Structures are given as C-alpha cells and as structure tokens.
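In our numbering, the protein residues as written are 51 to 551. Think of the CB as a built atom: it goes at the ideal place given N, C-alpha and C, for glycine as much as any other residue. Bear in mind that the values here come from a model prediction, so they are computed numbers and not experimental data. To keep things clear, I will list the structure first and then write my remarks on it.
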C-alpha cells in the first residue's frame with residue numbers, strides 16, 4: 051500500500067500541476083477546443099494514475115486481474131489521456147502550420163463531446179464487465195462448490211457490455227474522423243507557413259559561469275549521492291523489520307538534509323542544480339544514462355548472474371522436460387494466432403481457481419518458455435491444465451474448427467485455415483537450436499532428429515483422430531496446435547524431486 055501511494059502521488063501532482071496551470075484561463079475552456087481536449091486529457095491521466103496503484107493492492111488485484119477491468123484501465127489512458135492530448139495538439143498545430151484559423155470550432159466541439167461520451171461508454175462497460183467477471187468467477191455455493199462452474203455462464207453475462215464497448219469505441223473513431231475532416235479543410239483554407247524566427251542567445255555573466263560547478267561535479271555531486279542514499283533506504287524498507295527501521299531513519303535523514311541544503315542554496319542565491327543540469331547537455335545525458343543503466347541492472351542482472359534451479363527427478367532426469375519438436379511448433383502457432391490474448395496459463399493460489407482449473411501454477415512449469423504464456427486476460431478459461439483435464443484429441447479438433455460445437459455460447463472465432471495450412475518442418479531443427487542457445491536443454495541429437503520426432507508424434511495424433519472419423523495431415527498447423535494443447539499441465543514437478551544448478 052505504501053509503495054502504491056509513492057507511485058500515485060507524483061502522478062497526481064503532475065495532473066494537478068497541469069490543471070492549475072490554467073488558472074485565470076478557465077473562461078477560455080468553453081470556447082477553445084484545444085483547451086477542452088487538454089483539460090480532459092489531463093483529467094483522464096489523473097484517473098489512470100490513481101487506478102494503477104489501486105490495482106496494485108493485493109485484494110483489488112485478486113478481483114480485477116485477468117478481467118475486463120484491466121481493459122478499462124488501459125483504454126482510460128489510451129483513449130482519454132493519449133487520444134485527447136494528441137487531438138488537442140493537432141487542433142493547435144495545424145492552423146498555425148497553415149497560417150489560418152480552424153475551419154470549424156463547432157465541429158471540434160462536437161468531436162470533443164462525442165469522443166468523451168464514447169470513452170465513458172467504453173470504460174464504464176469494461177468496469178462493469180470486469181467486476182462481474184471477478185465476482186462470478188469466485189462465487190461459491192453454500193456447500194463449497196463453484197456457483198458458476200462453466201466459463202460460458204460468465205461470458206454470457208458480460209456479452210451486453212461488449213456490445214456497449216463497441217458502440218463507445220465506434221463513437222471515439224467517429225470523433226477522429228470528424229477531426230480529420232476539420233483539419234483537412236483547415237489546411238486547404240490556408241497556406242503552408244514558411245517563416246523565420248529570431249532567437250536571441252542568452253548572454254551569461256563570465257564571473258558567474260566560472261563559479262558554477264563542472265560537468266563532473268554536477269553528475270557526481272551531492273544531489274546524486276543523496277538520491278542514492280534515499281533509494282538504498284527504500285530497498286532496506288523491503289527487507290525485514292529491523293532493516294526497515296534503519297531504512298525509515300535513513301530516509302528521514304535524507305529528506306531533512308535535502309531540505310536544509312535546498313533552503314541554504316535558495317537563501318544564499320546560489321545556483322540551482324536542476325537548472326544547471328538542464329543547461330548542460332553532457333551532464334544531462336550522463337545522468338539519464340546512469341538512471342537507465344541502474345534500472346536495467348536491477349531488472350536484468352539477477353536473472354543473468356543467478357543460476358537457474360532445475361528440478362531433477364530421483365533417477366537424475368529432468369523433472370520438467372522441454373517441449374518436443376511438435377509441441378514447440380504448436381506453441382508458435384498458439385502465439386501467432388494470438389491465443390494468449392484471451393487465454394491465460396497461470397492458475398493463481400485461490401480456492402475458486404483451484405476448484406475451476408486444478409493445482410495452482412508454479413514458476414518452474416514455464417521455465418522452458420521463451421517467452422512465458424501467463425497472459426493478461428481471460429475472455430476464455432485458463433489453459434494451464436488443458437492437456438490434463440481435456441485429453442480428447444477430437445474435442446480440440448472440433449473446438450478449433452467450430453468452437454460453438456463443443457462450447458455453446460462461446461464467442462471464440464473458428465480457425466479452419468489451421469487444418470489446411472502446413473508447418474515447415476525443415477526449419478523445426480533450427481527452432482530447437484535457437485532455444486538451446488537460450489538455455490533450453492536440447493541435445494544435438496534432438497536437434498538433428500527434430501523432423502523425424504515431429505512426424506512420429508504427429509502421426510500418433512493423426513491416428514487418434516482417424517479412429518474417431520476426423521482427418522488431418524501430419525504437418526498441418528492444427529495437429530501441431532493440438533500437440534501443444536495436450537502438453538499443457540504436464541510440467542508439474544512430482545513430489546520428491548531435487549534441484550540442481
């Protein structure tokens with residue numbers, strides 16, 4: 051919660067700064083479309099930056115994650131913040147680039163109101179859908195079972211919200227079409243400006259310039275040291291109770307020291323460190339590089355330096371085996387068709403998810419995935435245990451060709467072209483070789499025999515389909531996808547395994 055507030059406060063500070071910049075000019079908001087879009091865009095920005103830290107709270111994330119609430123949050127920023135700010139900039143720039151007035155202020159006003167109404171329809175519909183999904187997916191009966199065991203039951207309840215979202219998104223697009231027409235007519239009514247601007251360089255006092263610190267002192271001066279101490283204090287606060295106490299004390303001392311130094315500098319009329327940095331391209335660039343490098347080290351170094359713990363069975367073999375050649379090709383089909391957009395592969399440790407999907411996911415199950423397929427939304431159910439709970443190859447075959455045949459009420463599109471499209475098995479070995487370089491333990495023999503191994507496993511699936519009256523080619527993308535789906539859930543580490551580095 052504390053870190054959520056830390057993230058939230060500066061963002062809202064920026065929003066309030068933007069709104070308060072308009073003090074004394076609020077009367078112009080009624081008549082100037084540029085200001086309308088900027089004020090609304092900054093307000094949407096404030097809403098988004100409040101909702102983001104809110105969703106980082108564990109209980110809120112448990113309800114909202116994997117639901118349409120996240121879609122509402124993202125489009126609140128994409129449409130309201132970025133979209134409206136961009137529209138305001140277009141309305142400001144085009145008339146000045148062509149030396150004329152905006153062709154129709156009234157049309158721009160209509161764009162604003164239609165766009166705002168469309169965004170609200172979109173976002174509110176997804177908020178309602180998201181909360182509905184979250185509550186229905188975890189609802190239990192009096193005897194401890196799931197009240198809505200079938201995912202389609204949840205989907206049917208939110209389908210009307212999808213229709214409302216479509217209307218809202220359509221209105222937003224209509225607004226942009228209106229803007230395009232308005233700007234084109236504005237450009238045609240004027241002429242491209244080709245002018246000059248006189249820029250007077252600021253003369254600096256020589257004596258004052260000599261008293262200012264060098265680039266080296268700016269980059270590695272007191273502000274940077276104080277900032278590093280503050281970051282170190284924040285890291286200590288996340289370790290344990292005693293280190294947290296030390297971190298709070300250090301952070302308090304850093305804040306107090308910073309305040310004293312700033313007040314002394316202001317009282318003595320000395321230079322402002324931030325102003326000098328902004329005037330020194332070399333110092334500014336160096337500090338940006340240091341900041342980006344520090345973030346990169348924190349993100350990347352642990353994964354590079356630490357040895358990967360590989361679960362090993364009692365007989366010494368890998369407890370989590372890499373994908374076979376067929377399964378790896380099927381995974382590529384899964385990714386290329388965007389299946390991860392609607393299906394997750396991560397069961398969270400909640401009672402409702404365990405009842406619905408099975409045992410919660412563990413990190414080692416995805417250790418050979420590059421990248422992982424945990425997903426970010428569940429329009430359809432989670433697939434982490436799909437190969438265990440649904441072992442019928444014919445079901446997957448029918449589901450991909452006609453989802454309604456196996457799941458009445460589903461809104462999943464059909465994928466008939468997968469049956470007619472073939473995998474280039476000549477390049478399968480190269481894919482295994484790339485994965486080997488990424489750390490996946492494929493042997494050279496497996497890489498050399500990838501094509502034969504692919505065909506052998508595919509023939510088993512084809513034969514299983516044939517016994518049930520379904521026909522498919524061994525090299526079709528559908529067979530490869532079925533092979534991948536049948537593998538999901540079979541990476542669970544058995545009890546009694548050890549780990550090796």
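Environment of residue i [buried if 16+ CB atoms lie within 10 Å]
i	result
residue 527	buried
residue 126	buried
residue 393	buried
residue 233	buried
residue 267	exposed
residue 51	Its pLDDT being 48, under 50, residue 51 is placed unreliably by the model, and nothing is read from it.
residue 498	exposed
residue 552	Lying before the first or after the last residue shown, residue 552 is absent from the chain, which here runs from 51 to 551.
residue 428	buried
residue 53	With a pLDDT of only 49 at residue 53, under 50, the local geometry of the prediction cannot be trusted, and the value read off the model is given with reservation. By the 10 Å Cβ count, residue 53 comes out exposed.
residue 553	There is simply no residue 553 to check, as the chain begins at 51 and stops at 551 in what is shown.
residue 481	buried
residue 410	exposed
residue 12	In the structure as shown, the chain begins at 51 and stops at 551. Residue 12 is therefore absent and cannot be evaluated.
residue 209	exposed
residue 242	exposed
Bridge-paired residues (DSSP) for residue i
i	result
residue 427	116
residue 196	190
residue 269	Looking at the DSSP assignment, residue 269 forms no beta bridge with any residue, so it has no partner.
residue 472	526
Local conformation of residue i per DSSP, three classes
i	result
residue 6	For the chain, the structure presents residues 51 to 551; residue 6 sits outside this window and is missing.
residue 277	helix
residue 69	helix
residue 405	helix
residue 608	Since the first residue of the chain shown is 51 and the last is 551, residue 608 is not available in this structure.
residue 109	helix
residue 239	helix
residue 145	helix
residue 533	helix
residue 368	strand
residue 504	helix
residue 382	helix
residue 483	helix
residue 465	coil
residue 75	coil
residue 446	helix
residue 539	coil
residue 82	coil
residue 151	coil
residue 51	Low confidence applies here, because residue 51 scores a pLDDT of 48, under 50, leaving its location unreliable and the question unanswered by this model.
residue 159	helix
residue 520	coil
residue 309	helix
residue 331	helix
Contact set for residue i: own chain, Cβ-Cβ below 6 Å, skip 5 residues either direction
i	result
residue 235	153
residue 465	450
residue 111	105
residue 211	175, 178 and 179
residue 130	94 and 169
Cutoff 8 Å; reference residue i; Cβ partners in own chain excluding five residues on either side
i	result
residue 413	none
residue 203	186
residue 333	265, 268, 269, 326 and 327
residue 330	265 and 268
residue 221	164, 165, 167, 168 and 171
residue 460	202, 205, 430, 453 and 454
Same chain, Cβ closer than 7 Å to residue i, neighbours up to 5 away in sequence not counted
i	result
residue 97	126
residue 166	90
residue 239	150 and 153
residue 141	83, 84, 87, 152 and 158
residue 144	233, 236 and 237
residue 537	373, 377 and 437
residue 92	65, 68 and 69
residue 426	120
Residue i CB to nearest heavy atom of the ligand FAD below 7 Å
i	result
residue 99	The ligand FAD is not among the ligands present in this structure, which contains no ligands whatsoever.
### Task
Take every Cβ of the segment 182-198, pair it with every Cβ of the segment 106-118, and state whether three or more of those distances are shorter than 8 Å.
yes
### Task
Would you check if there are 3 or more beta carbon pairs closer than 8 Å linking the segment 529-540 to the segment 509-521?
yes
### Query
Would the segment 336-344 and the segment 433-440 be scored as touching if the rule is three or more Cβ pairs under 8 Å?
no
### Message
Would you call the segment 73-80 in contact with the segment 135-154, where contact means no fewer than 3 C-beta pairs closer than 8 Å?
### Response
no
#### Entry: the segment 370-388 / the segment 502-509 touching (three or more Cβ pairs under 8 Å)
yes
### Query
Between the segment 185-194 and the segment 393-402, do at least 3 Cβ pairs fall closer than 8 Å?
yes
### Task
Examine the Cβ distances between the segment 81-99 and the segment 153-163 and report whether three or more of them are shorter than 8 Å.
yes
### Query
Three or more C-beta pairs closer than 8 Å, one from the segment 477-492 and one from the segment 454-468: is that the case here?
no
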